[in-house]
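Single-structure report; data block below.
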Amino acid sequence: MSSPADPAIAARVAVIGGGPAGLFAAEQLCAAGLSVDLYEAKGSPGRKFLIAGKGGLNLTHSDPRPLFDSRYREQTAAVAGWLDAFDADALRRWAADLGVETYVGSSGRVFPVDRKAAPLLRGWVRRLKEQGVRFHVQHRWQGWDTDGALCFATEDGQRSVHADATLLALGGGSWPQLGSDGAWMPLLQSRGVALAPLQAANCGFDVPWTAWFIQRNAGTPLKSVVAHWTDLQGTPRHLQGECVVSEYGIEGSLVYALSADLRETINRDGSATLWLDLVPGREQDRLAADLARPRNGRSFGEHLRRQTGVDAVKASLLFEVLGKDAGQDIAAVAATLKRLPVHLQRPRPMAEAISTAGGVTLPALDSGLMLTALPGVFCAGEMLDWEAPTGGYLLTACYASAKRAAEGVINWLAQR
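Here the sequence shown stands for residues 1 to 416, where the numbers follow the UniProt record's numbering.
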(Lines of atoms letter the chains of each structure in order from A and count residues from 1; the text may use other names and numbers.)
(Lines give C-alpha, C1' and ligand atoms only; values in the text may rest on other atoms or scores of the structure.)
Protein backbone atom coordinates (compact mmCIF):
# COMPACT_ATOMS: atom_id res chain seq x y z
CA MET A 1 0.00 0.00 0.00
CA SER A 2 1.29 3.47 -0.84
CA SER A 3 2.39 5.85 1.88
CA PRO A 4 1.98 9.65 1.82
CA ALA A 5 5.64 9.93 0.87
CA ASP A 6 5.22 7.66 -2.12
CA PRO A 7 5.37 9.59 -5.40
CA ALA A 8 2.51 7.41 -6.67
CA ILE A 9 0.21 9.29 -4.27
CA ALA A 10 -0.45 11.92 -6.92
CA ALA A 11 -1.03 9.41 -9.70
CA ARG A 12 -4.42 9.36 -11.35
CA VAL A 13 -5.93 6.01 -12.30
CA ALA A 14 -8.88 5.50 -14.64
CA VAL A 15 -10.97 2.42 -13.92
CA ILE A 16 -13.26 1.65 -16.86
CA GLY A 17 -16.24 -0.56 -16.06
CA GLY A 18 -18.60 -0.36 -13.10
CA GLY A 19 -19.21 -4.05 -12.45
CA PRO A 20 -17.87 -5.91 -9.41
CA ALA A 21 -14.33 -6.14 -10.80
CA GLY A 22 -14.16 -2.42 -11.56
CA LEU A 23 -15.68 -1.41 -8.24
CA PHE A 24 -13.37 -3.68 -6.25
CA ALA A 25 -10.31 -2.51 -8.18
CA ALA A 26 -11.31 1.11 -7.50
CA GLU A 27 -11.62 0.28 -3.81
CA GLN A 28 -8.13 -1.22 -3.68
CA LEU A 29 -6.58 1.66 -5.61
CA CYS A 30 -8.27 4.29 -3.48
CA ALA A 31 -7.11 2.53 -0.31
CA ALA A 32 -3.57 2.82 -1.64
CA GLY A 33 -3.89 6.61 -1.78
CA LEU A 34 -4.31 6.90 -5.53
CA SER A 35 -6.65 9.33 -7.28
CA VAL A 36 -9.38 7.16 -8.83
CA ASP A 37 -11.95 7.94 -11.50
CA LEU A 38 -14.42 5.19 -12.42
CA TYR A 39 -16.13 5.36 -15.81
CA GLU A 40 -19.33 3.43 -16.53
CA ALA A 41 -21.14 3.24 -19.90
CA LYS A 42 -24.59 2.88 -18.35
CA GLY A 43 -26.46 5.26 -16.09
CA SER A 44 -25.43 3.47 -12.89
CA PRO A 45 -22.84 0.88 -11.87
CA GLY A 46 -23.44 -2.77 -11.13
CA ARG A 47 -26.46 -3.43 -13.35
CA LYS A 48 -25.57 -7.02 -14.18
CA PHE A 49 -24.68 -7.57 -10.54
CA LEU A 50 -28.18 -6.47 -9.55
CA ILE A 51 -29.94 -8.63 -12.13
CA ALA A 52 -27.83 -11.66 -11.25
CA GLY A 53 -28.86 -11.19 -7.63
CA LYS A 54 -32.59 -11.10 -8.29
CA GLY A 55 -33.03 -14.76 -7.44
CA GLY A 56 -30.64 -14.51 -4.51
CA LEU A 57 -27.13 -13.04 -4.74
CA ASN A 58 -24.70 -15.98 -4.94
CA LEU A 59 -21.50 -14.33 -3.73
CA THR A 60 -19.17 -17.31 -3.57
CA HIS A 61 -18.99 -21.01 -2.72
CA SER A 62 -17.90 -23.02 0.31
CA ASP A 63 -15.89 -25.57 -1.70
CA PRO A 64 -12.49 -26.10 -0.06
CA ARG A 65 -9.40 -25.43 -2.04
CA PRO A 66 -8.00 -26.91 -4.28
CA LEU A 67 -11.46 -28.17 -5.30
CA PHE A 68 -12.57 -24.53 -5.60
CA ASP A 69 -9.60 -23.80 -7.88
CA SER A 70 -10.43 -26.73 -10.17
CA ARG A 71 -13.70 -25.07 -11.21
CA TYR A 72 -11.67 -22.77 -13.47
CA ARG A 73 -10.74 -25.62 -15.81
CA GLU A 74 -7.75 -24.82 -18.03
CA GLN A 75 -6.98 -21.66 -16.03
CA THR A 76 -6.91 -23.39 -12.65
CA ALA A 77 -3.27 -22.53 -11.95
CA ALA A 78 -3.60 -18.86 -12.92
CA VAL A 79 -6.82 -18.23 -11.01
CA ALA A 80 -5.49 -20.13 -7.99
CA GLY A 81 -2.72 -17.56 -7.84
CA TRP A 82 -5.28 -14.77 -7.66
CA LEU A 83 -7.26 -16.66 -5.02
CA ASP A 84 -4.17 -17.00 -2.84
CA ALA A 85 -4.54 -13.28 -2.15
CA PHE A 86 -8.34 -13.07 -2.13
CA ASP A 87 -10.41 -16.22 -1.79
CA ALA A 88 -13.97 -17.11 -0.84
CA ASP A 89 -13.37 -16.50 2.86
CA ALA A 90 -11.85 -13.11 2.11
CA LEU A 91 -14.91 -12.22 0.03
CA ARG A 92 -17.21 -13.15 2.92
CA ARG A 93 -15.14 -11.01 5.30
CA TRP A 94 -15.30 -8.12 2.83
CA ALA A 95 -19.09 -8.40 2.68
CA ALA A 96 -19.29 -8.52 6.49
CA ASP A 97 -17.24 -5.33 6.63
CA LEU A 98 -19.98 -3.73 4.53
CA GLY A 99 -22.53 -4.94 7.08
CA VAL A 100 -23.67 -7.87 4.92
CA GLU A 101 -23.58 -11.20 6.76
CA THR A 102 -23.56 -14.38 4.68
CA TYR A 103 -24.54 -18.01 5.08
CA VAL A 104 -23.82 -21.30 3.31
CA GLY A 105 -26.85 -22.82 1.58
CA SER A 106 -27.60 -26.51 1.23
CA SER A 107 -25.82 -26.60 -2.14
CA GLY A 108 -22.66 -25.11 -0.67
CA ARG A 109 -23.32 -21.75 -2.28
CA VAL A 110 -22.82 -18.62 -0.18
CA PHE A 111 -25.51 -15.92 -0.03
CA PRO A 112 -26.16 -12.72 1.92
CA VAL A 113 -28.57 -13.43 4.75
CA ASP A 114 -31.23 -11.31 3.04
CA ARG A 115 -30.24 -12.85 -0.36
CA LYS A 116 -30.39 -9.37 -1.94
CA ALA A 117 -27.87 -7.59 -4.15
CA ALA A 118 -29.26 -4.05 -3.97
CA PRO A 119 -28.43 -3.26 -0.32
CA LEU A 120 -24.87 -4.50 -0.76
CA LEU A 121 -24.36 -2.52 -3.96
CA ARG A 122 -25.83 0.67 -2.49
CA GLY A 123 -23.64 0.45 0.57
CA TRP A 124 -20.60 -0.34 -1.51
CA VAL A 125 -21.00 2.56 -3.93
CA ARG A 126 -21.76 4.94 -1.07
CA ARG A 127 -18.58 3.88 0.73
CA LEU A 128 -16.50 4.24 -2.43
CA LYS A 129 -17.75 7.79 -2.94
CA GLU A 130 -16.99 8.62 0.68
CA GLN A 131 -13.48 7.26 0.19
CA GLY A 132 -12.95 9.56 -2.78
CA VAL A 133 -13.71 7.51 -5.88
CA ARG A 134 -15.20 9.77 -8.54
CA PHE A 135 -17.96 8.13 -10.60
CA HIS A 136 -18.63 9.13 -14.21
CA VAL A 137 -21.70 7.42 -15.66
CA GLN A 138 -22.91 7.49 -19.26
CA HIS A 139 -19.27 7.35 -20.33
CA ARG A 140 -18.75 4.73 -23.03
CA TRP A 141 -15.09 4.03 -23.64
CA GLN A 142 -13.99 4.25 -27.29
CA GLY A 143 -10.27 3.65 -27.09
CA TRP A 144 -7.41 6.15 -27.22
CA ASP A 145 -6.70 9.23 -29.30
CA THR A 146 -3.41 9.98 -31.03
CA ASP A 147 -2.06 11.62 -27.86
CA GLY A 148 -2.79 8.52 -25.75
CA ALA A 149 -5.78 10.04 -23.99
CA LEU A 150 -8.77 7.84 -23.18
CA CYS A 151 -11.78 8.68 -25.35
CA PHE A 152 -15.35 8.50 -24.09
CA ALA A 153 -18.71 9.08 -25.72
CA THR A 154 -20.93 10.94 -23.25
CA GLU A 155 -24.34 12.60 -23.29
CA ASP A 156 -22.51 15.90 -23.76
CA GLY A 157 -20.36 14.68 -26.64
CA GLN A 158 -16.84 13.32 -26.89
CA ARG A 159 -14.54 13.58 -23.89
CA SER A 160 -10.80 12.88 -23.63
CA VAL A 161 -9.13 11.96 -20.35
CA HIS A 162 -5.46 11.51 -19.48
CA ALA A 163 -4.56 8.99 -16.78
CA ASP A 164 -1.29 7.74 -15.36
CA ALA A 165 -2.62 4.19 -15.45
CA THR A 166 -5.78 2.53 -16.75
CA LEU A 167 -7.57 -0.50 -15.40
CA LEU A 168 -10.10 -2.10 -17.74
CA ALA A 169 -12.91 -4.15 -16.21
CA LEU A 170 -15.27 -4.24 -19.18
CA GLY A 171 -16.94 -7.62 -18.73
CA GLY A 172 -17.52 -10.26 -21.37
CA GLY A 173 -20.18 -10.44 -24.04
CA SER A 174 -23.26 -11.70 -22.22
CA TRP A 175 -26.28 -9.55 -21.32
CA PRO A 176 -25.26 -6.68 -23.65
CA GLN A 177 -28.29 -4.63 -22.60
CA LEU A 178 -26.63 -4.30 -19.18
CA GLY A 179 -23.28 -3.19 -20.60
CA SER A 180 -21.31 -6.41 -21.19
CA ASP A 181 -21.34 -6.26 -24.97
CA GLY A 182 -17.74 -7.08 -25.91
CA ALA A 183 -17.41 -3.81 -27.83
CA TRP A 184 -13.92 -3.43 -26.38
CA MET A 185 -12.57 -6.42 -28.34
CA PRO A 186 -11.65 -4.58 -31.59
CA LEU A 187 -10.25 -1.65 -29.59
CA LEU A 188 -7.67 -3.93 -27.96
CA GLN A 189 -7.12 -6.12 -31.00
CA SER A 190 -6.14 -3.06 -33.04
CA ARG A 191 -3.46 -2.38 -30.43
CA GLY A 192 -1.91 -5.82 -30.78
CA VAL A 193 -3.49 -7.46 -27.76
CA ALA A 194 -3.95 -11.23 -28.13
CA LEU A 195 -7.61 -12.18 -27.73
CA ALA A 196 -9.57 -15.43 -27.71
CA PRO A 197 -13.00 -15.21 -29.37
CA LEU A 198 -15.86 -14.66 -26.93
CA GLN A 199 -18.17 -17.65 -26.56
CA ALA A 200 -21.30 -18.37 -24.58
CA ALA A 201 -20.70 -20.01 -21.20
CA ASN A 202 -23.21 -21.19 -18.60
CA CYS A 203 -25.72 -21.34 -21.41
CA GLY A 204 -28.53 -23.40 -22.89
CA PHE A 205 -28.36 -25.41 -26.10
CA ASP A 206 -30.52 -25.81 -29.18
CA VAL A 207 -32.24 -29.19 -29.55
CA PRO A 208 -34.39 -30.06 -32.60
CA TRP A 209 -37.57 -30.87 -30.68
CA THR A 210 -40.72 -31.65 -32.64
CA ALA A 211 -43.56 -29.14 -32.61
CA TRP A 212 -45.65 -31.72 -30.69
CA PHE A 213 -43.08 -31.88 -27.90
CA ILE A 214 -42.57 -28.11 -27.69
CA GLN A 215 -46.29 -27.41 -27.49
CA ARG A 216 -46.71 -29.72 -24.53
CA ASN A 217 -43.50 -29.18 -22.59
CA ALA A 218 -41.77 -25.85 -23.24
CA GLY A 219 -40.85 -24.26 -19.92
CA THR A 220 -41.24 -27.47 -17.91
CA PRO A 221 -38.53 -28.46 -15.42
CA LEU A 222 -36.81 -31.84 -15.58
CA LYS A 223 -36.18 -32.74 -11.95
CA SER A 224 -33.91 -35.36 -10.44
CA VAL A 225 -32.13 -36.50 -13.56
CA VAL A 226 -28.54 -37.63 -14.03
CA ALA A 227 -26.68 -36.23 -17.03
CA HIS A 228 -24.02 -38.38 -18.67
CA TRP A 229 -21.49 -36.93 -21.10
CA THR A 230 -17.92 -37.39 -22.24
CA ASP A 231 -15.42 -34.64 -21.50
CA LEU A 232 -12.83 -33.37 -23.95
CA GLN A 233 -10.28 -35.93 -22.77
CA GLY A 234 -12.70 -38.76 -23.55
CA THR A 235 -13.53 -39.47 -19.91
CA PRO A 236 -17.14 -40.46 -19.16
CA ARG A 237 -18.69 -38.06 -16.64
CA HIS A 238 -22.02 -37.76 -14.86
CA LEU A 239 -23.80 -35.24 -12.65
CA GLN A 240 -27.21 -35.20 -10.99
CA GLY A 241 -29.37 -32.10 -10.96
CA GLU A 242 -32.25 -30.27 -12.60
CA CYS A 243 -32.74 -28.56 -15.93
CA VAL A 244 -35.55 -27.09 -17.99
CA VAL A 245 -37.00 -28.01 -21.37
CA SER A 246 -37.35 -24.85 -23.45
CA GLU A 247 -38.90 -23.94 -26.75
CA TYR A 248 -35.49 -24.03 -28.39
CA GLY A 249 -33.84 -26.84 -26.45
CA ILE A 250 -32.58 -27.33 -22.92
CA GLU A 251 -31.20 -25.03 -20.22
CA GLY A 252 -30.94 -24.72 -16.44
CA SER A 253 -28.38 -25.30 -13.69
CA LEU A 254 -27.46 -28.86 -14.63
CA VAL A 255 -26.86 -27.93 -18.27
CA TYR A 256 -24.92 -24.80 -17.31
CA ALA A 257 -22.55 -26.90 -15.20
CA LEU A 258 -21.65 -28.98 -18.27
CA SER A 259 -21.80 -26.22 -20.85
CA ALA A 260 -18.05 -25.76 -21.34
CA ASP A 261 -17.52 -29.43 -22.24
CA LEU A 262 -20.65 -29.50 -24.40
CA ARG A 263 -19.74 -26.28 -26.21
CA GLU A 264 -16.19 -27.41 -26.92
CA THR A 265 -17.43 -30.81 -28.12
CA ILE A 266 -19.73 -29.03 -30.56
CA ASN A 267 -16.82 -26.81 -31.67
CA ARG A 268 -14.76 -29.92 -32.35
CA ASP A 269 -17.35 -32.36 -33.70
CA GLY A 270 -20.21 -30.18 -34.94
CA SER A 271 -22.70 -31.52 -32.39
CA ALA A 272 -22.87 -33.18 -28.99
CA THR A 273 -25.09 -35.70 -27.25
CA LEU A 274 -26.19 -35.45 -23.65
CA TRP A 275 -27.56 -38.66 -22.13
CA LEU A 276 -30.18 -38.36 -19.39
CA ASP A 277 -31.05 -40.93 -16.76
CA LEU A 278 -34.68 -40.07 -16.08
CA VAL A 279 -35.10 -42.52 -13.20
CA PRO A 280 -31.99 -42.40 -10.99
CA GLY A 281 -31.91 -45.19 -8.45
CA ARG A 282 -33.95 -47.61 -10.57
CA GLU A 283 -32.01 -50.33 -12.36
CA GLN A 284 -32.77 -51.04 -16.00
CA ASP A 285 -33.71 -54.70 -15.35
CA ARG A 286 -36.12 -53.66 -12.63
CA LEU A 287 -37.72 -51.11 -14.94
CA ALA A 288 -38.15 -53.70 -17.68
CA ALA A 289 -39.75 -56.14 -15.24
CA ASP A 290 -42.13 -53.50 -13.88
CA LEU A 291 -43.14 -52.37 -17.36
CA ALA A 292 -43.77 -55.97 -18.44
CA ARG A 293 -46.59 -56.26 -15.93
CA PRO A 294 -50.14 -56.40 -17.34
CA ARG A 295 -51.62 -53.03 -18.26
CA ASN A 296 -55.17 -54.08 -17.43
CA GLY A 297 -56.60 -51.89 -20.16
CA ARG A 298 -54.59 -48.81 -19.30
CA SER A 299 -52.82 -46.77 -21.95
CA PHE A 300 -49.07 -47.21 -22.14
CA GLY A 301 -48.59 -43.64 -20.93
CA GLU A 302 -50.61 -44.32 -17.80
CA HIS A 303 -48.93 -47.69 -17.34
CA LEU A 304 -45.54 -45.94 -17.63
CA ARG A 305 -46.49 -43.41 -14.97
CA ARG A 306 -47.74 -46.03 -12.54
CA GLN A 307 -44.83 -48.41 -12.94
CA THR A 308 -41.92 -45.96 -13.13
CA GLY A 309 -43.20 -42.77 -11.53
CA VAL A 310 -42.04 -40.62 -14.44
CA ASP A 311 -43.96 -37.38 -14.88
CA ALA A 312 -45.50 -36.00 -18.05
CA VAL A 313 -42.40 -34.25 -19.40
CA LYS A 314 -40.21 -37.34 -18.93
CA ALA A 315 -42.84 -39.47 -20.64
CA SER A 316 -42.95 -36.95 -23.48
CA LEU A 317 -39.18 -37.18 -23.83
CA LEU A 318 -39.46 -40.94 -24.10
CA PHE A 319 -42.06 -40.68 -26.87
CA GLU A 320 -39.99 -37.95 -28.55
CA VAL A 321 -37.11 -40.43 -28.86
CA LEU A 322 -38.93 -43.73 -29.42
CA GLY A 323 -42.08 -42.55 -31.15
CA LYS A 324 -45.75 -43.03 -30.36
CA ASP A 325 -45.49 -46.83 -30.48
CA ALA A 326 -42.79 -46.95 -27.80
CA GLY A 327 -44.83 -49.33 -25.63
CA GLN A 328 -44.35 -52.18 -28.09
CA ASP A 329 -40.69 -52.61 -27.09
CA ILE A 330 -40.40 -52.71 -23.31
CA ALA A 331 -36.65 -53.41 -23.37
CA ALA A 332 -36.04 -50.29 -25.48
CA VAL A 333 -38.22 -48.23 -23.12
CA ALA A 334 -36.28 -49.36 -20.05
CA ALA A 335 -32.95 -48.71 -21.75
CA THR A 336 -34.03 -45.26 -22.94
CA LEU A 337 -35.33 -44.23 -19.52
CA LYS A 338 -31.84 -44.89 -18.20
CA ARG A 339 -29.96 -43.37 -21.12
CA LEU A 340 -32.12 -40.98 -23.13
CA PRO A 341 -30.16 -39.15 -25.85
CA VAL A 342 -30.57 -35.39 -26.23
CA HIS A 343 -28.87 -34.15 -29.40
CA LEU A 344 -27.40 -30.67 -28.98
CA GLN A 345 -26.92 -28.61 -32.13
CA ARG A 346 -25.32 -25.41 -30.85
CA PRO A 347 -25.05 -23.18 -27.77
CA ARG A 348 -27.62 -20.44 -27.43
CA PRO A 349 -26.47 -16.92 -28.45
CA MET A 350 -24.00 -15.12 -26.20
CA ALA A 351 -26.56 -12.44 -25.39
CA GLU A 352 -28.61 -15.07 -23.54
CA ALA A 353 -25.70 -16.66 -21.68
CA ILE A 354 -24.97 -16.08 -18.02
CA SER A 355 -21.30 -15.50 -18.79
CA THR A 356 -18.77 -15.83 -21.57
CA ALA A 357 -15.49 -17.59 -22.20
CA GLY A 358 -12.69 -15.97 -24.17
CA GLY A 359 -11.33 -12.46 -24.06
CA VAL A 360 -7.85 -11.19 -23.24
CA THR A 361 -5.56 -14.22 -23.19
CA LEU A 362 -3.59 -14.59 -19.99
CA PRO A 363 -0.23 -14.82 -21.81
CA ALA A 364 -0.95 -11.28 -23.09
CA LEU A 365 -0.63 -10.05 -19.48
CA ASP A 366 2.21 -9.91 -17.01
CA SER A 367 1.93 -11.22 -13.45
CA GLY A 368 0.23 -7.98 -12.39
CA LEU A 369 -2.35 -8.31 -15.18
CA MET A 370 -0.83 -5.50 -17.21
CA LEU A 371 -1.06 -5.82 -20.99
CA THR A 372 2.46 -6.35 -22.29
CA ALA A 373 1.44 -4.65 -25.56
CA LEU A 374 0.13 -1.59 -23.68
CA PRO A 375 2.23 -0.67 -20.65
CA GLY A 376 0.15 1.03 -17.98
CA VAL A 377 -3.08 -0.70 -19.06
CA PHE A 378 -4.35 -3.46 -16.77
CA CYS A 379 -7.31 -5.84 -17.12
CA ALA A 380 -9.55 -7.64 -14.65
CA GLY A 381 -12.77 -9.61 -14.41
CA GLU A 382 -14.73 -11.46 -17.04
CA MET A 383 -12.95 -9.78 -19.94
CA LEU A 384 -10.02 -12.12 -19.23
CA ASP A 385 -9.94 -15.56 -20.86
CA TRP A 386 -11.18 -17.82 -18.08
CA GLU A 387 -14.53 -19.39 -17.28
CA ALA A 388 -16.25 -21.16 -14.43
CA PRO A 389 -19.66 -22.66 -13.69
CA THR A 390 -22.29 -20.78 -11.76
CA GLY A 391 -22.23 -21.19 -8.00
CA GLY A 392 -20.26 -18.15 -6.88
CA TYR A 393 -17.04 -19.04 -8.70
CA LEU A 394 -17.55 -16.37 -11.37
CA LEU A 395 -17.95 -13.52 -8.92
CA THR A 396 -15.09 -14.68 -6.70
CA ALA A 397 -12.62 -14.72 -9.57
CA CYS A 398 -13.78 -11.26 -10.67
CA TYR A 399 -12.93 -9.90 -7.22
CA ALA A 400 -9.65 -11.82 -7.02
CA SER A 401 -8.48 -10.68 -10.45
CA ALA A 402 -9.43 -7.09 -9.59
CA LYS A 403 -7.25 -7.24 -6.50
CA ARG A 404 -4.35 -8.65 -8.52
CA ALA A 405 -4.74 -5.98 -11.23
CA ALA A 406 -5.02 -3.16 -8.66
CA GLU A 407 -1.85 -4.36 -6.98
CA GLY A 408 -0.24 -4.43 -10.42
CA VAL A 409 -1.20 -0.79 -10.95
CA ILE A 410 0.14 0.23 -7.53
CA ASN A 411 3.47 -1.53 -8.05
CA TRP A 412 3.89 -0.23 -11.60
CA LEU A 413 3.26 3.37 -10.55
CA ALA A 414 5.59 3.03 -7.58
CA GLN A 415 8.39 1.83 -9.87
CA ARG A 416 7.88 4.85 -12.11
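Where a beta carbon is used, it is the ideal one built from N, C-alpha and C, also for glycine.
Of the candidates GLU155, ARG115 and SER160, SER160 places its Cα closest to the Cα of GLY148. Apart from the 5 residues on each side of it in sequence, ARG73 sits with its Cβ closer than 7 Å to the Cβ of ALA260 and GLU387 in its chain, given in chain order.
Here the alpha carbons of ARG216 and LYS116 stand approximately 34 Å from one another. Under a 10 Å Cβ-count criterion, LEU67 is classified as exposed, with fewer than 16 other Cβ atoms of the shown protein chains found around its own Cβ. Contact between LEU278 and LEU317 is confirmed by a C-beta separation of about 7 Å, below the 8 Å threshold. Assignment of TYR248 by DSSP, reduced to helix, strand and coil, places it in the coil class.
The bridge partners DSSP lists for ARG12 are SER35. Sorting LEU98, ASN267, LEU187 and ALA414 by C-alpha distance to the C-alpha of ALA200 places ASN267 at the top.
The beta carbon of THR76 sits closer than 7 Å to those of ASP69 and SER70, all from its chain and outside the five residues before and after it, given in chain order. Taking all protein chains in view, the Cβ of GLU251 is crowded by 16 or more other Cβ atoms within 10 Å, so the residue is classified as buried.
Taking one beta carbon from each stretch, the segment 162-174 and the segment 218-227 have fewer than 3 pairs nearer than 8 Å; the two do not touch. Taking a cut-off of 8 Å on C-beta distances, the segment 91-99 touches the segment 118-131, as three or more cross pairs fall below it.
CYS398 has no beta-bridge partner at all, per DSSP. Inclusion of VAL342 and LEU413 in the CB contact set at 8 Å is not warranted, their separation being larger than that value. By the beta-carbon neighbour count (other beta carbons within 10 angstroms, threshold 16), GLU242 is exposed. Sequence-distant Cβ neighbours of TRP184 in its own chain, meaning closer than 6 Å and more than five residues away, are LEU170. ALA257 has its alpha-carbon roughly 44 Å from the corresponding atom of ARG416. The C-alpha of VAL36 lies about 5 Å from the C-alpha of VAL13. Annotated as distal: ALA21 and ASP164, with beta-carbon spacing of 8 Å or more. Scanning the segment 152-223 from its first residue to its last, the whole beta strand (DSSP E) runs of 3-plus residues come out as 157-161, 165-168 and 195-201. In the DSSP annotation of this structure, the continuous segment of the alpha helix (DSSP H) that includes GLN284 starts and ends at 284-291.
Around the C-beta of GLN328, fewer than 16 other C-beta atoms lie within 10 Å, and the residue is accordingly described as exposed.
If you ignore the 5 residues before and after ASN202, its C-beta comes within less than 7 Å of the C-beta of TYR256, SER259, ALA353, ILE354, SER355, PRO389 and THR390, all in its own chain and listed in chain order.
Buried is the label assigned to ALA397, since at least 16 other Cβ atoms lie within 10 Å of its Cβ. Boundaries cannot be given for ARG416, as no beta strand (DSSP E) includes it and DSSP labels it neither H nor E. For GLY376, the closest of ASP156, ASP366 and MET383 by C-alpha to C-alpha distance is ASP366.
The DSSP-derived three-state label of VAL104 is strand. Taken through DSSP and simplified to helix, strand or coil, PRO236 comes out as strand.
In this structure the segment 35-55 touches the segment 177-195; the number of beta carbon pairs closer than 8 Å is three or more. Distances from the alpha-carbon of PRO347 to those of ALA400, THR273, CYS151 and LEU128 put THR273 closest. Excluding its 5 nearest sequence neighbours in each direction, SER253 has C-beta neighbours in its own chain below 8 Å: GLY241, GLU242, CYS243 and THR390, listed in chain order. Taking C-alpha positions only, ALA194 is separated from GLU283 by approximately 51 Å. In the DSSP assignment, HIS303 falls within the alpha helix (DSSP H) that extends over 300-308. Residue environment analysis places LYS338 among the buried positions, since at least 16 neighbouring C-beta atoms fall within 10 angstroms of its C-beta. Of the candidates GLY105, ALA26, ARG140 and ARG93, the residue whose Cα lies closest to the Cα of LEU167 is ALA26. Excluding the 5 residues flanking it on each side, HIS303 has same chain C-beta neighbours closer than 6 Å at ARG295, in chain order.
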